[in-house]
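The number in my numbering is simply the position in the sequence shown, starting from 1, with 165 added.
For every residue, glycine included, the Cβ atom is placed at its ideal position computed from N, Cα and C.
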Amino acid sequence: MQDVGECYSEEDDGMDAAERLINEHKLSRSECMELLARVDDAALAAKLAAEAVSLRWKYYGNKVYTRGLIEFTNYCKNDCYYCGIRHGNINAVRYRLSRDEILQCCEHGYELGFRTFVLQGGEDPWYTDERMEEIIRSIKTGWPDCALMLSIGEKSYDTYRRFREAGADRYLLRHETANEAHYCYLHPAGQTLRARKQCLYDLKALGYQVGAGFMVGSPGQTVECLADDLVFLQELRPEMVGIGPFIPHHDTRFAHEPAGSVALTLFLLSVIRLLLPKVLLPATTALGTADPRGREKGLMAGANVVMPNLSPVKNRKQYDLYDNKICTGEEAAECRGCLAQRVASVGCELVTERGDFCG
């Protein structure tokens, strides 16, 4: 893979990192670090946000797309050190949704106006390829006008191919960090950044609309780590990028680490919109958890997607990735009207569309 910094000369042409980002929509690694060093510059943050919103308007207007999130299993074979549903958390109350329960969520979501469903879960071996193919086909048969996104972790190329052939349209697999040492700090041996990246490239090759992303302010994260993330996103060029502030969970080794910065998350949302102008960019649940107006602020920084929860009410709190996760009120799909009002308060419109990548 070619380093973004090798794609053009870094000779002094009188253009600083912010100007290059706005005018050329690209940054070298060193320019990423230069820009990140100015994260506390309120005037710069406001300028980038304004440019990001203008760019979003160019490609998507004032539309904000909804994804109906169905968190269908909190079993996971992995032990990621930051995650509340990691395999080693003996305090987690586990659950799985049946095929019929998943379809009921889709039926309810369709009635509420959702045209994209997201099946999200831990890496749960109980859901074999055959079971997942049956679920995927059932959803696409029942609601053929809807997009289906999967977010179920690392799989083989053949498994991704089977899911794609069954009807899956999109796949969200956050890379979490593009820095090798940082990845090792956040994950146990056996989980590698190389494998994670390969999955993302496999998904691209199979024709999925692909989502990547990372935690902002995760333990051990440095400016260099964030620069690596921004370089990697330019290399991968995903159709969606999901970022949100790190929020600790009480049953992990990072329980007492500070949460990630909302301000830095908003700054990075603007930067990502400017690096990838047509990207689908969520104002995430984590952002809404960290700040009561986090999602509105995310939209004002260039985001254009929200992901309300379609999961059964009885299970929402059990999908406990981090502490104090919002899962009721306007986050719940039943209060779509509340969310529409929040979106309208910042000059946007919550729409009933699939919301495909426009590239």
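- Secondary structure of G307 (DSSP, three-state): helix.
- Contact annotation: the stretch 248–260 does not touch the stretch 500–509, with fewer than three C-beta pairs closer than 8 Å.
- Where G378 is concerned, the enclosing beta strand (DSSP E) starts and stops at 374–381.
- Inclusion of L337 and G318 in the CB contact set at 8 Å is not warranted, their separation being larger than that value.
- Check the Cα spacing between P442 and each of A466, R460, G453: the tightest is with A466.
- Annotation for S383: F411 place their beta carbon closer than 6 Å to its own, counting only its chain and skipping 5 residues before and after.
- Counted as a single uninterrupted DSSP element, the alpha helix (DSSP H) harbouring V388 occupies residues 388–401.
- A straight-line Cα-Cα distance of about 34 Å links L452 and E299.
- Of the residues assessed, N188 falls on the exposed side of the cut-off, its CB having fewer than 16 other CB atoms within 10 angstroms.
- In its chain, beyond the 5 residues on either side, C390, D393 have a beta carbon closer than 6 Å to the beta carbon of N344.
- If the five residues before and after K228 are omitted, its C-beta is found closer than 8 Å to the C-beta atoms of N469, C513, E514, V516, E518, G520, all from its own chain and listed in chain order.
- N256 is classed as exposed because its beta carbon has fewer than 16 other beta carbons within 10 Å across all chains shown.
- Residue pairing from DSSP places K228 in a beta bridge opposite E514.
- In this structure, DSSP gives N474 an extended state, which the three-state scheme calls strand.
- DSSP places F522 in the coil class of the three-state scheme, outside both helix and strand.
- Going by C-alpha positions, C364 is about 7 Å away from S321.
- Scanning V444, L284, K191 for the CA closest to the CA of P477 turns up L284.
- The beta-bridge partner set that DSSP reports for P410 consists of V381.
- Of all alpha-carbon atoms in G459, Q374, L446, N254, the one lying nearest the alpha-carbon of A312 is that of Q374.
- The alpha carbon of E330 has as its nearest neighbour, out of R264, M297, L268, R203, the alpha carbon of M297.
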